[in-house]
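A.B. asks: Structure incoming, see below.
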Amino acid sequence: MSDAILAVYSPAQVVLERGEGVRVWDDKGKEYLDFIGGIAVTSLGHHHPHLVNALKEQADKIWHLSNMFRIPGQERLAERYCAECFADKAFFTNSGSEAIELSLKLARRWQWANGAPERIGFISFHGSFHGRTMGAINVGAQEKYREGFGPRMEGFRSLEWGDHDALKEEITKPDVAAVMIEPVQGEGGVREVPHQCLQGLRKLCDENGVLLIYDEVQCGAGRTGKLFHHQWIEGAEPDIMAAAKGIGGGFPLGMALCTDKVASAMAKGTHGSTYGGNPMAMAVGNAVLDVMLADGFFEGVQRVAGDLTQALESLKGRYPELVEDITGAGMLRGIKMSQDPMPLRAKLMERGLLIGTAGNNVLRLAPPLVATSKEIRQAVDIIDKQFFDIISRPGD
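Under our numbering, the first residue of the sequence shown is numbered 86, with each subsequent residue one higher.
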């Protein structure tokens, strides 16, 4: 890695230079199955023709305007998302962290506008990850990301995952503005929040004048078989939601969605973005939605996700000494290991399978939503072979 790059990454030495669908090739011609997808970003796979054509067509027209001018693609994408979910308003960003930052601002501004300026606090949950900006690392509940960046900002606190009694007590405190939660944690171990817990959280927020914010940056964009994961759950809609990653299919794009109630607190000049909602991103974002909203797309994702679940559960059954649990939902799954998964990830890459890791000794899988059942079997077969080698040759 070049010395000119800030030394905050430790990338693999392999250089990937092209991709097609679920497969990528390195500069030596070796082929890999990509089952991490840029960390749940390349939702429609590599080099998707509809996305490529949309980007090329827009590149021949205009690249950038800023929000000093109307951007028709932005208006269309906002209207389409609002028609498909709980939201009445959308604001486009360049990343998930920016969408989280706006979500925090929306919550505080709404409390301020409704006569409660003291409500500046946010509740999050252990294991959560909400991004790398200052607001995001403070609302996130992993201390390693805050180390060296000063004390935690006023108002931010985190509770143990699943500690309902602590939540019921904390949410009644007079400074709480909102609760932020990932319906399926990514970095925290690919853990799905039980549906009844999100329903109960919605009720608690309503009872205490607290807003509910979902971080669906990783688990949204069709990842679990619906446009957004919370749509599986009746009576659990948020007031605000951050999304990114898969909504751009590989092009930088994020957004914050909210209800009219929340949006009413914002006025001209209270937020902005130079690049957010730019014509190039909007062209790709609309193209992604074209594909996802096509007849049968989500049904196909659900079917293949079922095959993935079955295949992973079979691994758990065959290798109980290695696999403690299968976590997550849909096409965002985790294999909780009894050992450090990092060396295993490297071994799988040598065999031609790219996957990630997450907290709690978890191997993380986030394949493109266009993966076929055959490709699922191929990927799990590679994992199976590696697990078998570990059991049969424990000293290797």
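Glycine included, C-beta positions come from ideal geometry on N, C-alpha and C.
1. Write down the C-beta distance between residue 337 and residue 156 rounded to the nearest angstrom, noting that I regard them as a contact closer than 8 Å.
2. Report the three-state DSSP secondary structure of residue 131 (helix, strand or coil).
3. Could you pull out every residue in the same chain whose Cβ sits closer than 6 Å to the Cβ of residue 99, ignoring the five residues on either side in sequence?
4. Measuring only between beta-carbons, confirm whether residue 465 sits less than 8 Å from chain C.
5. Whole angstroms are fine: how far does the CA of residue 416 sit from the CA of residue 305?
6. Would you report the Cα separation of residue 209 and residue 266, rounded to the nearest angstrom?
7. Can you name the residues that DSSP bridges to residue 110?
8. For residue 490, count neighbouring Cβ atoms within 10 angstroms of its own Cβ and tell me buried if that reaches 16, exposed if not.
9. Using DSSP's beta-bridge definition, name the partner residues of residue 269.
10. Just the Cα atoms here: how many angstroms apart are residue 145 and residue 318?
11. Taking all protein chains shown into account, decide if residue 204 is buried (16 or more other Cβ within 10 angstroms of its Cβ) or exposed.
12. Would you mind giving the Cβ-Cβ distance between residue 260 and residue 307, rounded to the nearest angstrom? I have them listed as a contact below 8 Å.
13. Can you tell me whether residue 91 is buried or exposed, with buried defined as 16 or more other CB within 10 angstroms of its CB?
14. Going along the chain, which unbroken runs of the alpha helix (DSSP H) with 4 or more residues stay wholly within the stretch 421-448?
15. Out of curiosity, what's the CA-to-CA distance linking residue 171 and residue 432?
16. Determine the DSSP secondary structure at residue 375, reduced to helix, strand or coil.
17. Is the stretch 411-431 touching the stretch 103-110 in the sense that three or more CB pairs, one from each, lie closer than 8 Å?
18. Considering Cα atoms alone, identify which of 313, 300, 324 is closest to residue 169.
19. Kindly provide the ranges of any alpha helix (DSSP H) runs that are 4 or more residues long and lie completely inside the stretch 331-416, ordered along the chain.
20. Contact defined as beta carbons within less than 8 Å: I believe residue 275 pairs with residue 394. What is the distance between those atoms, to the nearest angstrom?
21. Just reading off the beta strand (DSSP E) that residue 556 is part of, what are its end residues?
22. Any heavy atom of the ligand NAD closer than 7 Å to the beta-carbon of residue 359?
C.D. replies: In short:
1. On the sequence shown, residue 337 is found 252 positions in, with the first residue counted as 1. On the sequence shown, residue 156 is found 71 positions in, with the first residue counted as 1. Actually they do not touch by this definition, with Cβ atoms about 16 Å apart.
2. In the sequence shown, residue 131 corresponds to position 46, counting from 1. DSSP places residue 131 in strand when its eight states are reduced to three.
3. Position 14 of the sequence shown holds residue 99. Hits under 6 Å: 111.
4. Although the question refers to chain C, the structure presented lacks it and comprises just one protein chain.
5. For the purposes of this step, residue 305 is taken as the residue at position 220 of the sequence shown. For the purposes of this step, residue 416 is taken as the residue at position 331 of the sequence shown. Approximately 11 Å, taken between the alpha carbons.
6. Along the sequence shown, one-based indexing puts residue 209 at 124. Along the sequence shown, one-based indexing puts residue 266 at 181. For residue 209 and residue 266, the distance between alpha carbons rounds to 6 Å.
7. In the sequence shown, counting from the first residue as 1, residue 110 sits at position 25. Within the DSSP secondary-structure output, residue 110 pairs in a beta bridge with 103, 116.
8. The shown model of the chain, from 86 to 481, leaves out residue 490, and the question about it has no answer.
9. As a first step, residue 269 is located in the sequence shown; it is residue number 184 there, counting from the start. Per DSSP, 277.
10. Reading the sequence shown from its first residue, position 60 is the one you call residue 145. Reading the sequence shown from its first residue, position 233 is the one you call residue 318. Answer to the nearest angstrom: the Cα atoms are 42 Å apart.
11. One-based indexing of the sequence shown puts residue 204 at position 119. Buried, because 16 or more other Cβ atoms sit within 10 Å of the Cβ of residue 204.
12. Position 175 of the sequence shown, counting from 1, holds the residue named residue 260. Position 222 of the sequence shown, counting from 1, holds the residue named residue 307. Incorrect: roughly 37 Å between the Cβ atoms, too far for contact.
13. Position 6 of the sequence shown, counted from the first residue, corresponds to residue 91. With fewer than 16 other Cβ atoms within 10 Å, it is exposed.
14. Fully enclosed alpha helix (DSSP H) runs of 4 or longer: 426-435.
15. For this step, residue 171 is matched to residue 86 along the sequence shown. For this step, residue 432 is matched to residue 347 along the sequence shown. Whole-angstrom Cα-Cα distance: 43 Å.
16. Within the sequence shown, numbered from 1, the residue matching residue 375 stands at position 290. Residue state for residue 375 is assigned as helix, using DSSP reduced to three classes.
17. Put simply, the stretch 103-110 does not touch the stretch 411-431. Fewer than three CB pairs are less than 8 Å apart.
18. Reading the sequence shown from its first residue, position 84 is the one you call residue 169. If we check each option's Cα against that of residue 169, 313 comes out closest.
19. Qualifying alpha helix (DSSP H) stretches, in chain order: 345-348, 364-377, 382-403.
20. Residue numbering aside, residue 275 sits at position 190 when the sequence shown is read from its first letter. Residue numbering aside, residue 394 sits at position 309 when the sequence shown is read from its first letter. In fact, because the Cβ distance is near 13 Å, the residues do not count as touching under 8 Å.
21. The displayed coordinates of the chain run from 86 to 481. Any statement about residue 556 would go beyond what the structure contains.
22. The ligand NAD is absent from the structure shown, which contains no ligands of any kind.
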